[in-house]
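Just so you know, we're using the working numbering here: the sequence shown kicks off at 1440 and counts up by one.
The block underneath contains the structure these notes are about, expressed in structure tokens.
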Amino acid sequence: MTIFKSIDQAKSLVKQLSKNKSDELILRSISKELESITVFARQLTDETVLSPSPSKPEIKSGCYIFANAKGFFCPNCYDNTGNKVATKRLNSKLRVCPECRASIK
Ligand SMILES: [Zn+2]
């Protein structure tokens, strides 16, 4: 990750500067900002790794349908946990998810 390299570079530059006492307060707040940027960047990359989401599933009758799986799947469960939970048909207009109990029209 080049962003982490840049942050580390900035951190070491700040460390070199902080030998000069007069700027210490400013440098300390810059370091603090850099820490938040590091945390933020890490979260961003984590999210990218966790949810590659190559293509959003298609929606049909309020359910997700997938090209490689047969059936109607609960969008709540898929969005929240990534699990494909097949919904059950209650009647001609209503489906229900056995996992999260959502009713889907
Ligand atoms: Zn569900």
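Glycine included, every Cβ here is placed at the ideal spot set by N, Cα and C.
This structure is a prediction, so every number in the text was calculated from the model and none was measured.
Q) CB of residue 1502 to nearest heavy atom of ligand 1: below 7 Å? A) no
(Q) Does the distance between the C-beta of residue 1541 and the nearest non-hydrogen atom of ligand 2 fall short of 7 Å? (A) Ligand 2 is absent from the structure shown, which contains only ligand 1.
Q. I think residue 1509 touches residue 1517, with their Cβ atoms under 8 Å apart; what is that distance to the nearest whole Å?
A. Their Cβ separation, rounded to whole angstroms, is 15 Å, which puts residue 1509 and residue 1517 out of contact at 8 Å.
**Q.** Residue from 1538, 1499, 1467, 1473 with nearest C-alpha to residue 1519
**A.** 1538
Q: Report yes if the C-beta distance between residue 1449 and residue 1483 is below 8 Å; otherwise report no.
A: no
**Q.** Residues near residue 1503 by beta carbon distance below 6 Å, same chain, minus five either side
**A.** 1496, 1512, 1514, 1517
Q: Whole angstroms is fine: what's the gap from residue 1505's alpha carbon to residue 1446's?
A: Taking the straight line from one Cα to the other gives about 40 Å.
Q | Whole-Å CB distance - residue 1466 paired with residue 1456, under 8 Å assumed | A | 6 Å
**Q.** residue 1442 to residue 1540 span [Cα, whole Å]
**A.** 42 Å
Q | Inter-residue Cα distance where the pair is residue 1528 and residue 1507 | A | 21 Å
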